[in-house]
Amino acid sequence: MVDLHCHIIPGLDDGPSDETEFLEMANAAIESGITHIYATPHHLNGRFINTKFEILESVFKANDLLQLNNISLFVHPGQELRIHGGLLRSIESEEVLTLDNNESYLLIELPASEVPPYTHNIVYELLLKGITPIIVHPERNNIIRENPEIIYELVREGAMTQLTAGSILGFFSKKVQSFAEQMIKHHLVHFIATDAHDIKFRGFSLQYAYDHISVKYGKKSAAYFKDNAYKLMQGESLKLEDPLPIRKRFIGVF
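Take any residue in the sequence shown, note its place counting from 1, add 1, and you have its number in our numbering.
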């Protein structure tokens, strides 16, 4: 399996603190069925700053360490970028790192309880540059859950989304799980990823999430998300479904 969103590089953010914890996470990823993982440290989220070249260097060292320890996991470079008004200038200054550094896909994080007014414009400008923004864990955003038309419009405009495996399994809350399920039903999801930070509390539950989706929505649905992650890694065209709007009564607002 391919995991597109993980905090596995030691010492960069709130993931592992040292090489020992990094290797423990790597082994846990392999045991869970993951063979390729994207290291996506937080950048400009109010706590951490991890620029493009710092991440690239850290990923290179991480893969060397994995080889030395005979762990058959390959780490790809990425970044979880908090959306901000100067995001486009950050790209021009070579601060931002797209997935695999190929200028095609960029993980974008929204604040937990806000959708900034410039979000639509940022998405539009990124798409003009040929960069597809992947909005990570939108199901955990309070404003989006209360106003699902926001994520529908963003997807319709060309953005993609990535749900957290733990959200699908109910690890965050029933409200988050319910909204994640509605997003899947309404074709508003393109990827599932772990967003793993450690092996105890926020670990590798990707296969469990796929199993849950298979039971609830069918094997084709789980295969859709698996295939999209693999195709993104391979640089292939993704299979996309037409998004559908979520009515508020479906998420228990009325």
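Think of the CB as a built atom: it goes at the ideal place given N, C-alpha and C, for glycine as much as any other residue.
The segment 112-125 makes contact with the segment 86-95; the number of CB pairs closer than 8 Å reaches 3 or more. Put simply, the segment 30-38 does not touch the segment 49-58. Fewer than three CB pairs are less than 8 Å apart. In this structure, DSSP gives His-198 a state outside helix and strand, which the three-state scheme calls coil. Two segments are said to touch when three or more pairs of C-beta atoms, one from each, lie closer than 8 Å; by this definition the segment 104-120 does not touch the segment 64-78.
Taking 9 Å as the cut-off, the beta carbon of Ile-132 is found no closer than this to the beta carbon of Gln-163. A contact is defined here as three or more CB-CB pairs under 8 Å, and the segment 225-237 fails this definition with respect to the segment 60-71.
Residue pairing from DSSP places Met-161 in a beta bridge opposite Ile-135. Taking the C-beta atoms as reference points, His-44 is found nearer than 9 Å to Leu-98. Runs of the beta strand (DSSP E) lying entirely within the segment 20-46 and spanning at least 3 residues, in chain order: 37-40. Assigned with DSSP and collapsed to three states, Phe-192 falls in strand. If you look at Leu-127, you'll find it in the alpha helix (DSSP H) that goes 120-129. Note: His-77 is bridge-paired with Tyr-39 in the DSSP secondary-structure output. In the three-state DSSP reduction, Ile-92 falls in the helix class (H, G or I). Take the alpha-carbon of Asn-148 and the one of Lys-249: they are about 8 Å apart. Non-local C-beta neighbours of Gln-178 in its own chain, meaning closer than 7 Å and more than five positions away in sequence, comprise Ser-168, Ile-169, Gly-171, ordered along the chain. In its chain, beyond the 5 residues on either side, His-191, Phe-192, Leu-239 have a beta carbon closer than 6 Å to the beta carbon of Asn-229. In chain order, Pro-149, Glu-150, Tyr-153, His-187 place their CB closer than 8 Å to the CB of Pro-246, counting only its own chain and leaving out the 5 sequence neighbours on each side.
Under the DSSP assignment, Ile-109 falls outside any alpha helix (DSSP H), being part of the beta strand (DSSP E) whose first and last residues are 106-110. Taking all protein chains shown into account, Arg-146 has 16 or more neighbouring C-beta atoms within 10 Å of its C-beta and is therefore buried.
One thing to note: Phe-205 has its Cβ no nearer than 9 Å to the Cβ of Ser-18.
Sequence-distant Cβ neighbours of Ile-50 in its own chain, meaning closer than 7 Å and more than five residues away, are His-44. Judged by their CB atoms, Leu-241 and Leu-100 are not nearer to each other than the 9 Å cut-off. Closest by C-alpha distance to Gly-79, out of Asp-196, Gln-208, Ser-174, Ala-223, is Asp-196. A residue is called buried once 16 or more other Cβ atoms fall within 10 Å of its Cβ, and Asn-103, having fewer, is exposed.
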